[in-house]
Amino acid sequence: MMKHTIMEWMLRTFALERRRDYIVKPLIMLIVFAILYTVAGVLLLKHDWRELLASLFTAVLVQLPFIGIGFTLVSYMGRVQDQLADLALTDMLTGLPNRRAFVAQAGRAQADGAAGFVLIIDADHFKRINDTWGHAVGDRCLQAIAKRLNDVRRAEDLVGRIGGEEFGAYMPYCTMEEIHQIGGRLCGAIMINLREERDPLRLTLSVGAAETQPYEMIEAALSRADQALYAAKAAGRARLVVWSRRAMDRVA
Numbered sequence: 001m002m003k004h005t006i007m008e009w010m011l012r013t014f015a016l017e018r019r020r021d022y023i024v025k026p027l028i029m030l031i032v033f034a035i036l037y038t039v040a041g042v043l044l045l046k047h048d049w050r051e052l053l054a055s056l057f058t059a060v061l062v063q064l065p066f067i068g069i070g071f072t073l074v075s076y077m078g079r080v081q082d083q084l085a086d087l088a089l090t091d092m093l094t095g096l097p098n099r100r101a102f103v104a105q106a107g108r109a110q111a112d113g114a115a116g117f118v119l120i121i122d123a124d125h126f127k128r129i130n131d132t133w134g135h136a137v138g139d140r141c142l143q144a145i146a147k148r149l150n151d152v153r154r155a156e157d158l159v160g161r162i163g164g165e166e167f168g169a170y171m172p173y174c175t176m177e178e179i180h181q182i183g184g185r186l187c188g189a190i191m192i193n194l195r196e197e198r199d200p201l202r203l204t205l206s207v208g209a210a211e212t213q214p215y216e217m218i219e220a221a222l223s224r225a226d227q228a229l230y231a232a233k234a235a236g237r238a239r240l241v242v243w244s245r246r247a248m249d250r251v252a
């Protein structure tokens, strides 16, 4: 734990993130080095000032390339760490945030008092597609769903792949009318081109939606959206169902 803390402190302190850092941080390092060198020369080695200045100048020249290399390495390590952090929160197949990232981002929005709708989007008959056409076609279907989500989403919306053939969307400040319009666009058939001699594969989506309340835990809204998704499947798939007591009673 201590090792990670020290490493994070070093990366925050010495990484060259902004343009001015390339001048300011090495300059500060040189000033600190010069002060320490001067104190050591006066108190420990008892150099006179003329000799001390000459040796300090030489020492600074020697240190310059090492300081440059050190800052470059720390900056590189910082970029690698950022890339690894992004990879840990990204679904590699679709490029969307994974479940952990999606829930965290949507949870922060909820904690800020936003309200809107959370959606769970599921590919219809996906197991049959995998069994019939193979996992390569299944992967293309998942990528096509991700593209559909990105095409439909608004700038402020959050989307992610939350598991298997399920995707999530968080749409703050969205009205009931807007959510039905978005649902209609989401549920439209997606045509997946197969080999030239075959007709395209027709992929449809079922969507469960739940209205969120300000400051509500996102997991609670996702649970209601999952119930609505089940209702959409039971009603014949390829449709949007918004959670309500009445809609859930009809399924039960």
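Okay, so the sequence shown: first residue is 1 according to UniProt numbering, each after it adds one.
Just so it is clear, CB atoms sit at the ideal spot from N, CA and C, and this is done for glycine as well.
Nearest in C-alpha terms to Arg99, of all of Ile121, Arg148 and Tyr215, is Ile121. For the set Ala209, Arg153, Gly168 and Ile145, the Cα lying nearest the Cα of Ala189 is the one of Ile145. A distance below 8 Å separates the beta carbons of Gly208 and Val241. Between Phe117 and Met171, the C-beta spacing is below 8 Å.
Taking C-beta atoms as the reference points, Leu93 and Leu149 fail to come closer than 8 Å. When DSSP states are grouped into helix, strand and coil, Ala220 belongs to the helix group. Taken atom to atom, the span from the alpha-carbon of Gln105 to that of Ala210 is near 17 Å. Under the DSSP assignment, Asp122 falls in the beta strand (DSSP E) whose first and last residues are Gly116 to Ala123.
For Ser206, the CB contacts under 7 Å within the same chain, skipping 5 residues up- and downstream, are Asp122, Asp124, Leu229, Ala232, Lys233, Arg237, Ala238 and Arg239 in chain order. Sequence-distant Cβ neighbours of Trp133 in its own chain, meaning closer than 8 Å and more than five residues away, are Leu194 and Leu201.
For Arg154, there is no enclosing alpha helix (DSSP H), since its DSSP letter is neither H nor E. For Arg202, the enclosing beta strand (DSSP E) has its first and last residue at Leu201 to Leu203. Between Leu119 and Asp199, the alpha-carbon positions lie close to 31 Å from each other. Counting the other CB atoms within 10 Å of its CB gives Thr175 a total below 16, which places it among the exposed residues. Ile31 sits exposed, since fewer than 16 C-beta atoms from the chains shown fall within 10 Å of its C-beta. Here Pro214 is not near Gly95, since their CB atoms are 8 Å or more apart.
If you look at Glu177, you'll find it in the alpha helix (DSSP H) that goes Met176 to Cys187.
The beta carbon of Ile129 sits closer than 8 Å to the beta carbons of Ala123, Val137, Gly138, Cys141, Leu201 and Leu203 from its chain, once the five residues preceding and following it are set aside; these are given in chain order. For Gly107, the enclosing alpha helix (DSSP H) has its first and last residue at Arg99 to Ala111.
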